[in-house]
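J.: The structure is given below, and queries will be raised subsequently.
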Amino acid sequence: MTESSFDAVMAKASEAGLLTISTNTPSSVPPANSEGPKEGDEADDGPGEVTTLKMLLLRCLDSDLEFIECCQHVGLIAPNQQCTCGNQMMVSLASDALDGGEWKCPSCPITRGIREGTWLEDVRTIKLKDVVIGLYCWSRNYPEQLCQHEMDLREVSYVPFLYKKCQQLTTEFINNEISNIGRPGEVVEIEQFQTQAGLHVVGGVERNNYKNVFFRVLPENWNRDDLVTALVDQISYGTILHTKDTVLLDILAPDGIKYLEKYWGLKMDLRSNCESPLVTSLWALFERLIAEKDYTQNSLLEFLMRRRMESTRDPFLFLLEVITSLHPPCIAAS
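Numbered by full-length UniProt numbering, the letters in the sequence shown go through residues 1 to 334 in order.
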């Protein structure tokens with residue numbers, strides 16, 4: 001697909017209302033025992049403004065304890081901690097601590113690092129304020145070099161480490177928190193693509209909801225079993241499949257098509273007419289966004305994660321929701 005034809009497809013989808021993004025459904029940070037943000041959720045802090053880098057930089061001018069309290073409010077830091085002696089610990093000023101504060105027990109001499117038991121526990125040598133700025137940069141898709149330059153950090157390994165940590169979070173979120181696409185009676189368009197490096201990828205998207213999409217890297221020398229596994233892992237029972245992809249149809253063959261319908265409730269509808277499958281346009285978009293052509297399962301999952309983030313009112317708060325839902329701070333005595 002050429003760039004001009006891609007733009008034409010996306011323009012047609014926009015006119016049909018498929019690319020309309022709703023911004024009227026706020027959500028709050030979920031409790032620790034809740035599921036993570038789902039497709040279509042809005043990461044919103046109420047009637048306030050969308051988070052900007054300037055807002056975070058101004059917030060960094062607060063005292064260390066005020067900034068820690070803000071991180072407690074959004075769930076990055078635990079609201080309280082229990083000491084091994086059974087008493088509740090308090091956040092206290094500690095000038096020698098990296099973040100300017102620490103957990104301190106009022107009844108015994110035990111102290112604890114402010115990040116202990118949190119998703120940020122292994123992010124060391126960098127102040128909490130810089131960590132939050134780094135998370136914002138990742139949520140807004142700043143390149144590593146730009147983030148490193150703008151933050152003016154001497155520790156050159158910090159940004160790559162934090163970005164890798166966010167990418168791992170992406171894999172965890174997509175694999176564990178995002179339900180399969182489709183539902184009984186819903187049409188999912190499927191296609192297979194071959195990259196310049198020879199990798200094969202199968203993808204699918206709901207015809208009436210472009211945000212419900214999956215891409216999956218197929219094994220080398222993939223066969224019918226690999227294709228069937230990818231489809232049944234990603235698409236819900238009772239969904240109607242549509243494709244004009246002759247490669248997929250040849251690999252599945254009549255026996256594979258019958259198997260999908262009989263055992264997995266996935267009926268292949270070959271009568272539908274779809275001249276420009278939306279999944280193909282999304283794949284073209286993916287190719288344009290991933291300039292280095294790093295077609296790995298992780299890069300595909302990050303692409304899907306970013307599409308969900310971009311559909312929310314505030315991608316940064318959406319990222320914080322993912323962190324706190326998958327890795328809520330531990331408050332029990334260790």
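We put the beta carbon where it would ideally sit given N, CA and C, even for glycine.
What you are looking at is a predicted structure, and each value in this text was computed from that prediction instead of being measured.
Please report the distance separating the alpha-carbon of Asn-313 from that of Glu-302.
T.: Sequence index remark: in the sequence shown, residue 313 carries index 313 (1-based). Sequence index remark: in the sequence shown, residue 302 carries index 302 (1-based). Residue identity differs from the one stated: residue 313 is Arg in this sequence, not Asn. Taking the straight line joining both Cα atoms gives about 19 Å.
J.: Note down the Cα distance separating Glu-261 from Leu-231, rounded to an integer number of angstroms.
T.: Here residue 261 is taken as the residue at index 261 of the sequence shown, counted from 1. Here residue 231 is taken as the residue at index 231 of the sequence shown, counted from 1. Using only the alpha carbons, I get a separation of about 12 Å.
J.: Cβ of Gly-256 less than 7 Å from any chain C Cβ?
T.: Among the protein chains of the structure shown there is no chain C, as only one such chain exists.
J.: Report the three-state DSSP secondary structure of Val-123 (helix, strand or coil).
T.: For this step, residue 123 is matched to residue 123 along the sequence shown. Residue state, collapsed to three classes: coil.
J.: To the nearest whole angstrom, what separates the beta carbons of Val-213 and Ile-174, a pair I think is in contact under 8 Å?
T.: Numbered from its first residue, the sequence shown carries residue 213 at position 213. Numbered from its first residue, the sequence shown carries residue 174 at position 174. Going by Cβ atoms, the distance from Val-213 to Ile-174 rounds to 11 Å, so no, they are not a contact pair.
J.: List the whole-angstrom C-beta distance separating Lys-234 from Arg-207, where the pair is believed to meet the contact cut-off of C-beta under 8 Å.
T.: Along the sequence shown, one-based indexing puts residue 234 at 234. Along the sequence shown, one-based indexing puts residue 207 at 207. A small correction: the amino acid at residue 234 is Gln; Lys does not occupy that position in the sequence shown. At roughly 15 Å, the Cβ-Cβ gap does not stay under 8 Å, so Gln-234 and Arg-207 are not in contact.
J.: With 16 other CB atoms within 10 Å as the buried threshold, where does Gln-192 fall?
T.: The residue you call residue 192 lines up with position 192 of the sequence shown. It counts as buried.
J.: Got a sec, what are the start and stop residues for the alpha helix (DSSP H) Ile-190 sits in?
T.: Residue 190 sits at position 190 when you count from the first residue of the sequence shown. Here Ile-190 belongs to no alpha helix (DSSP H); instead the beta strand (DSSP E) covers 187-194.
J.: Please classify Ser-236: does DSSP put it in a helix, a strand, or coil?
T.: Position 236 of the sequence shown, counted from the start, is the residue given in the question as residue 236. Looking at Ser-236 - three-state DSSP - the assignment turns out to be coil, as it is neither helix nor strand.
J.: Whole angstroms are fine: how far does the CA of Thr-229 sit from the CA of Glu-220?
T.: Counted from its first residue, the sequence shown places residue 220 at position 220. Counted from its first residue, the sequence shown places residue 229 at position 229. Answer to the nearest angstrom: the Cα atoms are 14 Å apart.
J.: Report buried or exposed for Glu-66, applying the criterion of at least 16 other Cβ atoms within 10 angstroms of its Cβ.
T.: Against the sequence shown, residue 66 aligns to sequence position 66. It counts as exposed.
J.: Given this structure, state the Cα-to-Cα distance separating Met-151 from Lys-104, to the nearest angstrom.
T.: Position 151 of the sequence shown, counting from 1, holds the residue named residue 151. Position 104 of the sequence shown, counting from 1, holds the residue named residue 104. Going by the C-alpha atoms only, they are around 31 Å apart.
J.: Would you list the residues sitting across from Trp-103 in a DSSP beta bridge?
T.: Locating residue 103 in the sequence shown gives position 103, counting from the first residue. Paired residue(s): Val-91, Arg-112.
J.: How many angstroms separate the CA atom of Leu-53 from the CA atom of Leu-300?
T.: Numbered from 1 along the sequence shown, position 53 holds the residue referred to as residue 53. Numbered from 1 along the sequence shown, position 300 holds the residue referred to as residue 300. Cα to Cα, the separation comes out at about 27 Å.
J.: Any heavy atom of the ligand FAD within a distance shorter than 6 Å of the CB on Tyr-142?
T.: This structure does not include the ligand FAD; it has no bound ligands of any sort.
J.: With distance defined between alpha-carbon atoms, name the residue in Val-131, Trp-138, Val-205 nearest to Cys-166.
T.: Taking the first residue of the sequence shown as 1, we reach residue 166 at position 166. Closest by alpha carbon: Trp-138.
J.: Using the Cα positions of Pro-106 and Lys-127, report the straight-line distance between them to the nearest angstrom.
T.: Within the sequence shown, residue 106 is the residue found at index 106, counting from 1. Within the sequence shown, residue 127 is the residue found at index 127, counting from 1. Each residue's alpha carbon lies about 25 Å from the other.
J.: What's the C-alpha gap between Leu-135 and Arg-271?
T.: As a working note, residue 135 is residue 135 in the sequence shown. As a working note, residue 271 is residue 271 in the sequence shown. Roughly 47 Å separates the two Cα atoms.
J.: So Thr-246 and Val-188 are in contact, right, with Cβ under 8 Å, and what is the actual spacing, rounded?
T.: Translated into positions along the sequence shown, residue 246 becomes position 246. Translated into positions along the sequence shown, residue 188 becomes position 188. Wrong, their Cβ atoms sit about 18 Å apart, outside the cutoff.
J.: What is the rounded straight-line gap between the Cα of Arg-112 and the Cα of Glu-102?
T.: The count along the sequence shown starts at 1 and reaches residue 112 at position 112. The count along the sequence shown starts at 1 and reaches residue 102 at position 102. The alpha-carbon atoms of Arg-112 and Glu-102 are separated by roughly 6 Å.
J.: For Gln-72 versus Pro-79, is the C-beta spacing smaller than 7 Å?
T.: Against the sequence shown, residue 72 aligns to sequence position 72. Against the sequence shown, residue 79 aligns to sequence position 79. Contact: yes.
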